[in-house]
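Below is one structure; the comments refer to it alone.
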Amino acid sequence: MDTKLKNNKSKYIISGIISLLLIILSIGMYSIYPLIKDQAKEYEHNIFQEQHFLINLNNSNYNIYYDTLKNKDNDILKPSDILINELKKYNKNDEENNYFEENRFNEDIYRYGEILDRDLKNLEYYAINKDNKLFKQRNQGAIDSLLLDNPDSTVIEELNNKYSFYIVIDYNENGEMTVNRIYGADKLITENEIKNNRKKVSDRIEIKPIKNMTYIYAVPNELKYKDFISTYNLQNRIQSYNKAASNYIYMAIGLILIVGLIISYRFLRELIGFRKLIKIPIEISALIAIFTIAIVLYESSYSMISGTLEGNLINLDPIVLNDVAINLLENIINILFWTISFGIIFVVVVLLKHILKTGIKKYLQENSLIYKGLRSIWRGNKKVYNYLSNVDLKSKENKKIVALLGINLTILTIMSSLWFLGIVLAIIYTLVLLRLIKKYYNDISSKYNKLFEATSNIAEGNLDINIGEDLGIFNNFKVELQNIQKGFKKAVNEEVKSQRMKAELITNVSHDLKTPLTAIITYVDLLKDDKISVEKRGEYLDTLDRKSQRLKELIEDLFEVSKATSGNINLNIEDVDIVSLIKQTLLEVEYKITEASLILKTNYPKEKVILPLDSQRMFRVFENLLINITKYSLKGSRVYIDVINNTDNVQVILKNMAANEINFNVNEIMERFVRGDKSRNTEGSGLGLAIAKSFVDIQGGKLDIVVDGDLFKVIITFNK
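So the sequence shown is numbered by UniProt numbering: it starts at 1 and just counts up by one.
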């Protein structure tokens with residue numbers, strides 16, 4: 001009970017600390033709103049230099065110019081009568097199209113006036129035609145004073161304080177435009193933009209230039225109307241708020257990530273609601289996380305900041321709430337919004353940390369709806385597959401076939417119930433299907449039984465059975481069964497051979513160990529006789545010594561071949577000159593070669609032949625081979641030793657002429673205790689070639705024996 005209370009207490013403490021940190025971070029975010037507002041000015045665009053605004057001014061110029069010229073002799077002229085260039089007014093080949101173009105041009109000029117009156121209400125203007133002195137204005141200030149060549153500085157200062165933008169545009173008698181005065185925008189940019197758009201009022205026809213007109217446009221600081229200017233100005237400020245705020249939002253999220261990663265997972269597990277959180281399916285958690293991050297990083301957070309800074313977050317009548325209450329409510333809404341948003345982001349970090357701690361695979365298995373759904377589908381399919389795979393082909397197939405066909409007939413009958421002929425066709429179809437399935441099933445069953453019978457024969461030991469028939473879908477099984485049959489035959493033959501060799505091994509070991517041992521026992525008994533002479537005693541001792549050495553060599557050979565065969569041998573690999581090693585070995589066995597009256601012929605490369613080998617083991621290899629040559633070569637014959645240094649390997653070839661007819665198996669001669677002299681007249685253990693081959697093999701080489709008549713050849717190959 002005490003432990004549970006202690007755990008609950010720590011849970012509330014940790015949750016409280018995290019909540020307090022999030023609230024502090026939210027208050028900090030709200031407190032930097034003024035800083036965001038100041039920094040936003042760096043990101044604001046000058047709307048009075050924007051192409052869209054200046055195009056509207058240019059279009060307004062043409063509409064006002066038309067208004068000052070449209071009255072003539074009590075008639076109202078159309079814009080096309082005044083503004084279209086006479087030289088390009090008509091196309092004689094297309095009168096109907098010209099009429100259509102004129103009407104569209106007139107509609108455009110009228111529309112420019114509507115835009116000026118409806119969408120540019122905050123734009124004050126004063127325009128005068130210098131020819132007829134007619135003027136048009138929407139002027140709430142003294143902007144007409146800008147017509148003076150040198151207006152008073154006090155007037156200019158008042159205008160600068162009242163207006164955020166004004167411009168004076170003058171057209172001379174030749175239609176050339178100049179900007180005489182401008183405030184709130186760059187003169188060069190504005191003048192070039194208006195000049196570039198002078199003839200773009202209509203792209204379809206060429207129009208006359210504006211002549212002898214002066215225009216004054218001004219936008220006051222205080223925008224009284226909701227129009228294009230106020231809307232664009234508001235959007236410009238909101239975009240600048242967003243750009244300035246994004247840096248601080250990213251910093252806050254980064255701080256949350258750092259805190260979430262620093263806090264130990266052991267403490268995070270103690271948060272209130274943690275156990276419920278980790279049980280929520282990951283798909284739902286991901287949707288909430290994506291939705292929240294999108295809100296914080298994009299729409300809602302920027303709307304919250306801009307709405308607060310613009311003072312339109314809460315639009316309530318002062319009668320309902322006074323300014324103090326509205327400010328307090330704004331504070332609460334902002335802090336609550338940021339606390340919830342940051343809290344959800346922190347929860348996402350906690351959840352990600354839990355996923356990494358648990359393991360992605362394990363978490364998906366426990367919390368993914370998609371994974372669970374796919375797993376259920378897989379299990380269902382697996383059950384169906386297992387059922388179909390375990391159908392017993394030896395069961396009463398007729399009942400199953402009739403049952404399946406009955407189900408099939410029922411389905412077809414239901415499908416055709418609204419049409420009598422369909423039922424008849426379904427019955428016919430079922431009867432045909434019955435015959436086909438029965439035939440196919442019997443064929444499969446027959447082939448299966450043949451395969452099963454062959455398997456049973458092999459299991460009983462009959463390895464010579466032949467499966468020649470085509471078994472259809474069971475052909476793959478037939479091929480595998482034939483491979484098993486071949487494998488069994490090979491294994492049996494190997495086992496027979498192994499047993500034969502074991503019997504020979506026991507016989508040979510017994511004989512070779514018994515011969516010197518018997519001699520030792522015999523001569524020991526003779527030495528026990530006190531009456532033998534000193535000379536005889538010396539001869540007996542020499543014989544004992546020789547037989548003991550022979551027994552010792554035999555036992556050492558047994559150990560060597562045993563270690564080499566089992567691989568339990570340590571090699572001392574070093575760079576070895578093969579030619580030098582052969583010469584050294586020849587010196588050691590020179591007396592045996594002399595005794596055998598053999599003539600040695602060698603062929604060595606001029607350069608050194610260096611290979612990474614165990615010199616001691618290779619000395620033993622060459623020694624065994626040369627001793628065999630002295631034992632079994634024809635007296636007085638030649639022995640050839642060749643060392644061939646190829647590009648990719650080195651070969652050592654030893655050739656000698658056998659004294660007796662070679663009538664043994666070349667593959668068996670390298671087995672243990674096998675001699676070339678079947679009569680065993682020569683002294684030896686029969687291990688020489690076996691040891692040589694084993695030592696060559698463990699050093700990565702290859703020892704081959706080639707017999708050509710009575711020519712016996714040993715080839716040792718080492719790759720470079």
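We put the beta carbon where it would ideally sit given N, CA and C, even for glycine.
Hey, Tyr-248 and Ile-55 are a contact pair by Cβ (cut 8 angstroms); roughly how many whole angstroms apart? Position 248 of the sequence shown, counted from the first residue, corresponds to residue 248. Position 55 of the sequence shown, counted from the first residue, corresponds to residue 55. Tyr-248 to Ile-55, Cβ: 36 angstroms. No contact.
Can you tell me which of the three DSSP states Asn-97 falls into? Stepping through the sequence shown from its first residue, residue 97 is reached at position 97. Looking at Asn-97 - three-state DSSP - the assignment turns out to be helix.
Length at least 4, wholly inside the stretch 249 to 275: the alpha helix (DSSP H) runs in chain order: Those alpha helix (DSSP H) runs which fall completely within the stretch 249 to 275 and span 4+ residues are 265 to 268.
Rounded to whole angstroms, how far is the Cβ of Val-589 from the Cβ of Ile-627, which I believe are closer than 8 angstroms? On the sequence shown, position 589 is the one that residue 589 refers to. On the sequence shown, position 627 is the one that residue 627 refers to. 6 angstroms between Cβ atoms; contact.
Cβ-based burial, Gly-700 [other Cβ within 10 Å; buried from 16]: Translated into positions along the sequence shown, residue 700 becomes position 700. Exposed: under 16 other Cβ atoms inside 10 Å.
Terminal residues of the continuous beta strand (DSSP E) containing Pro-220? For the purposes of this step, residue 220 is taken as the residue at position 220 of the sequence shown. From DSSP, the beta strand (DSSP E) with Pro-220 extends over 213 to 220.
Out of Val-348, Leu-434, Phe-718 and Lys-606, which has the shortest C-alpha to C-alpha gap to Leu-257? Taking the first residue of the sequence shown as position 1, residue 257 is located at position 257. Checking every option, the nearest Cα to that of Leu-257 belongs to Val-348.
Hey, Asn-106 and Pro-79: beta-carbon distance below 8 angstroms or not? Here the question's residue 106 lines up with position 106 in the sequence shown. Here the question's residue 79 lines up with position 79 in the sequence shown. Contact: yes.
Find out if the Cβ-Cβ distance for the pair Leu-123, Ile-143 is shorter than 8 angstroms. Translated into positions along the sequence shown, residue 123 becomes position 123. Translated into positions along the sequence shown, residue 143 becomes position 143. Against a cut-off of 8 angstroms, the Cβ pair of Ile-143 and Leu-123 comes out as no contact.
Please work out which residues of its chain come closer than 7 angstroms, Cβ to Cβ, to Gly-175, disregarding the five sequence neighbours upstream and downstream, and give them in chain order. As a working mapping, residue 175 is identified with position 175 in the sequence shown. Pro-209, Ile-210 and Lys-211.
Use the C-beta contact count for Ser-10: other C-beta atoms within 10 angstroms, 16 or more gives buried, fewer gives exposed. Stepping through the sequence shown from its first residue, residue 10 is reached at position 10. Result: exposed.
Following the continuous alpha helix (DSSP H) through Ile-333, name the residue where it begins and the one where it ends. Counting from one through the sequence shown, the residue named residue 333 turns up at place 333. Segment 323 to 358, the alpha helix (DSSP H) holding Ile-333.
Look at the Cβ atom of Ile-167, then the Cβ atom of Tyr-232, and state whether they are nearer than 8 angstroms. Here residue 167 refers to the residue found at position 167 of the sequence shown. Here residue 232 refers to the residue found at position 232 of the sequence shown. Result no, Cβ atoms of Ile-167 and Tyr-232 do not sit closer than 8 angstroms.
May I ask you to check if the CB of Leu-268 is nearer than 7 angstroms to at least one heavy atom of the ligand SAH? The model on display carries no ligand, and the ligand SAH is accordingly not part of it.
By alpha-carbon positions, which one of Asp-67, Asn-624 and Ile-555 ends up nearest to Thr-585? Taking the sequence shown and counting its residues from 1, one reaches residue 585 at position 585. Closest by alpha carbon: Asn-624.
Is it buried or exposed, Ala-454, if we count other Cβ atoms within 10 angstroms and call 16 or more buried? Taking the first residue of the sequence shown as position 1, residue 454 is located at position 454. Classification of Ala-454: buried, given that the 10 Å Cβ count is 16 or more.
Any contact of the stretch 568 to 580 with the stretch 532 to 540, i.e. 3+ C-beta pairs under 8 angstroms? The stretch 568 to 580 is not in contact with the stretch 532 to 540.
Backbone CA spacing between Ile-345 and Ser-15 [nearest angstrom]: Taking the first residue of the sequence shown as 1, we reach residue 345 at position 345. Taking the first residue of the sequence shown as 1, we reach residue 15 at position 15. Computed Cα separation, rounded: 15 angstroms.
Would you give the residue range spanned by the alpha helix (DSSP H) that Thr-647 belongs to? In the sequence shown, residue 647 corresponds to position 647, counting from 1. Looking at the DSSP string, Thr-647 is not in any alpha helix (DSSP H), and its letter there is neither H nor E.
Which value, in whole angstroms, describes the spacing of the CA atoms of Leu-654 and Val-479? For the purposes of this step, residue 654 is taken as residue 654 along the sequence shown, with counting starting at 1. For the purposes of this step, residue 479 is taken as residue 479 along the sequence shown, with counting starting at 1. Cα-Cα distance, rounded: 46 angstroms.
Is it the case that the Cβ atoms of Lys-70 and Ile-82 are separated by a distance below 8 angstroms? Your numbering for residue 70 matches position 70 in the sequence shown. Your numbering for residue 82 matches position 82 in the sequence shown. Against a cut-off of 8 angstroms, the Cβ pair of Ile-82 and Lys-70 comes out as a contact.
Ignore the nearest five residues each way along the sequence and tell me which others in Ile-128's own chain have a CB closer than 6 angstroms to its CB. Within the sequence shown, numbered from 1, the residue matching residue 128 stands at position 128. Excluding sequence neighbours, Ile-128 sits near Phe-135 and Thr-214.
Can you give the Cα-Cα distance for Tyr-363 and Lys-279, rounded to whole angstroms? Your numbering for residue 363 matches position 363 in the sequence shown. Your numbering for residue 279 matches position 279 in the sequence shown. Spanning the alpha carbons of Tyr-363 and Lys-279 requires a straight line of approximately 10 angstroms.
Report yes if the CB atom of Gln-49 is closer than 8 angstroms to the CB atom of Thr-178, and no otherwise. Translated into positions along the sequence shown, residue 49 becomes position 49. Translated into positions along the sequence shown, residue 178 becomes position 178. Against a cut-off of 8 angstroms, the Cβ pair of Thr-178 and Gln-49 comes out as no contact.
Work out the CA separation of Lys-133 and Asn-103 for me, nearest whole Å. Locating residue 103 in the sequence shown gives position 103, where the first residue counts as 1. Locating residue 133 in the sequence shown gives position 133, where the first residue counts as 1. Approximately 29 angstroms between the Cα atoms of the pair.
For Glu-574, list the residues DSSP reports as bridge partners. As a position in the sequence shown, residue 574 is number 574, starting the count at 1. DSSP, once it has assigned bridges, lists Leu-613 as partnering Glu-574.
According to DSSP, residues forming a beta bridge with Phe-135: As a working note, residue 135 is residue 135 in the sequence shown. Phe-135 is bridged to Ile-128.
Which value, in whole angstroms, describes the spacing of the CA atoms of residue 721 and Asn-180? Since the displayed the chain opens at 1 and closes at 720, residue 721 lies outside it and no answer follows.
Please determine if the stretch 228 to 243 and the stretch 39 to 49 are in contact, where contact requires at least 3 C-beta pairs separated by less than 8 angstroms. yes
Exposed or buried, which one is Glu-173 when buried takes at least 16 other CB atoms within 10 Å? Your numbering for residue 173 matches position 173 in the sequence shown. The residue in question, Glu-173, is exposed, as its Cβ has fewer than 16 Cβ neighbours within 10 Å.
Runs of alpha helix (DSSP H) lying entirely within the stretch 27 to 83, each at least 4 residues, in chain order: Uninterrupted alpha helix (DSSP H) stretches at least 4 residues long and entirely within the stretch 27 to 83 occur at 33 to 40, 51 to 69 and 79 to 83, given in chain order.
Under 7 angstroms Cβ to Cβ from Asn-646, same chain only, skipping five residues before and after it: list those, please. As a working note, residue 646 is residue 646 in the sequence shown. Here the set comprises nothing.
Got a sec, what are the start and stop residues for the alpha helix (DSSP H) Ser-633 sits in? Sequence index remark: in the sequence shown, residue 633 carries index 633 (1-based). Note, Ser-633: premise wrong, no alpha helix (DSSP H); not H, not E.
Determine, using beta-carbon pairs with one atom in the stretch 482 to 490 and one in the stretch 455 to 472, whether at least three such pairs fall under 8 angstroms. yes
What's the gap between the Cα of Arg-675 and the Cα of Val-714? Here residue 675 refers to the residue found at position 675 of the sequence shown. Here residue 714 refers to the residue found at position 714 of the sequence shown. Low confidence applies here, because Arg-675 scores a pLDDT of 46, under 50, leaving its location unreliable and the question unanswered by this model.
Where Arg-550 falls, given that 16 or more other Cβ within 10 Å makes a residue buried: Position 550 of the sequence shown, counted from the start, is the residue given in the question as residue 550. Arg-550 is buried by the Cβ-count criterion.
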